[in-house]
Amino acid sequence: MSQEVLGILRDLNLKISQSQTKKEKAQLIFNYIDISFHNSGVNIEELYIKAKLYINLITDSFSDGNIYYDQIKLETFYKIIFKFPIEHQKHLLNHLLHKIKINNFDHLIDDIDSTINKVEYRFSIYELKKSKSFSSILNYLICAVRYNYISVFVSLLFCFLLTYILTFTWESAPIHLFEIKPLQLSENIYLNHLANILMMIFDLNDDKYIIPINFFGAVVLVLLKLFNVFIIFGYLWKLLKTKLSN
């Protein structure tokens, strides 16, 4: 960051501290953040604190009567929030939601909730790519069921493929977790396993196809079933919540 830009930011900081009105102070903070992000070497934590102050100033103007009901535009906040890295976006959005609820502007809540779901979903993908840990997978599934139809389908497909792979009889596998008792539905072993998995999911076979033979096998089987149930019921809850809010 050049000395000229640093000088501009120092002047803006001085004006922010001397400003007498919330509207003027909010505009100065917006300018400070905007200029900072257009230059390298920014202090994200400092800007994060200023962004929260910006949200406070604008939302407090609601209750002061300086901004009327039909003048409230969420884009005013989003222009600032979406300048930040994604891990900061969700915290700023949650702060915005908190302030909106305090001021009883309920007509904005659904829009902010939907935006938070989208940001959390993108963040869960970012975390999944970075770590690929069990917790990141679980967090992805939680966020996916609150996002859209495609993400729910992808999550269900992921769980199905995981079930297929983990329950397939790999002769060379170092650890065997299940005893498999398949019906002979196809001469192709892969299609036969697929058909048996589908029958197990839809409970079309009275006999147990997959039987855990040790503790770890039982845990894996329970987790696989819980994942599928969680995704389905999570999405149904989202639909119910949408209906109730309408």
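Numbering follows this note's numbering, in which position 34 of the sequence shown is assigned residue number 40; successive positions increment by one, without gaps.
Glycine included, every Cβ here is placed at the ideal spot set by N, Cα and C.
Residue i versus residue j - alpha carbon distance
| i | j | result |
| --- | --- | --- |
| Leu144 | Asn37 | 39 Å |
| Leu230 | Phe236 | 10 Å |
| Asn252 | Ile216 | Low local confidence applies: a pLDDT of 49 at Asn252 is under 50, so the model's placement there is unreliable, with the coordinate-based value given in what follows. Each residue's Cα considered, the two are about 43 Å apart. |
| Gln95 | Lys56 | 13 Å |
| Phe164 | Ile78 | 41 Å |
| Thr82 | Ile115 | 15 Å |
| Thr68 | Ile108 | Checking the sequence, you will find Phe at residue 68 rather than Thr. Between Phe68 and Ile108, the C-alpha separation is close to 10 Å. |
| Leu134 | Ser142 | 5 Å |
| Lys28 | Asn110 | 20 Å |
| Tyr84 | Ala32 | 14 Å |
| Asp112 | Ser161 | 31 Å |
| Ile35 | Ile14 | 12 Å |
| Ile203 | Glu193 | 15 Å |
| His182 | Met205 | 22 Å |
| Lys138 | Ile156 | 21 Å |
| Ala224 | Leu103 | 42 Å |
| Lys136 | Glu30 | 41 Å |
| Ile207 | Tyr132 | 31 Å |
| Asn198 | Leu242 | 31 Å |
| Glu52 | Asp119 | 26 Å |
Residue i: CB within 8 Å of a non-hydrogen atom of the ligand PLP
| i | result |
| --- | --- |
| Phe221 | The model on display carries no ligand, and the ligand PLP is accordingly not part of it. |
Reference residue i, options the options, closest by Cα
| i | options | result |
| --- | --- | --- |
| Ser25 | Leu63, Lys58, Tyr54 and Ile50 | Leu63 |
| Leu227 | Thr173, Ala201, His199 and Gln190 | Thr173 |
| Ile87 | Ile22, Pro218, Ile171 and Thr121 | Thr121 |
| Tyr54 | Ile92, Glu30 and Met205 | Ile92 |
| Leu200 | Pro218, Ile219, Ala224 and Leu168 | Leu168 |
| Glu10 | Glu193, Asn45 and Lys31 | Asn45 |
| Lys105 | Thr65, Asp117 and His113 | Thr65 |
| Lys214 | Glu193, Leu197 and Lys187 | Lys187 |
| Tyr196 | Ile207, Tyr170 and Asn220 | Tyr170 |
| Ile22 | Tyr60, Asn220 and Ile203 | Tyr60 |
| Asn49 | Met206, Leu12 and Ile238 | Leu12 |
| Val158 | Ile207, Asn19 and Phe239 | Phe239 |
| Ala150 | Ser130, Gln190 and Ser137 | Ser130 |
| Gly47 | Arg16, Lys58, Phe208 and Ser8 | Ser8 |
Distance between beta carbons of residue j and residue i, contact taken as under 8 Å
| i | j | result |
| --- | --- | --- |
| Phe140 | Lys89 | About 33 Å; that fails the 8 Å criterion. |
| Phe233 | Leu147 | 6 Å |
| Pro218 | Phe184 | 6 Å |
| Asp117 | Leu80 | 6 Å |
Beta-ladder partner(s) of residue i, from DSSP
| i | result |
| --- | --- |
| Glu185 | Ile217 |
Residue-level contact to chain B via CB, residue i, 9 Å cutoff
| i | result |
| --- | --- |
| Tyr127 | Going by chain labels, chain B is absent from the structure shown, which holds only one protein chain. |
At least three beta-carbon pairs within less than 8 Å, the region 92-103 to the region 119-129: Enough Cβ pairs lie closer than 8 Å, so yes.
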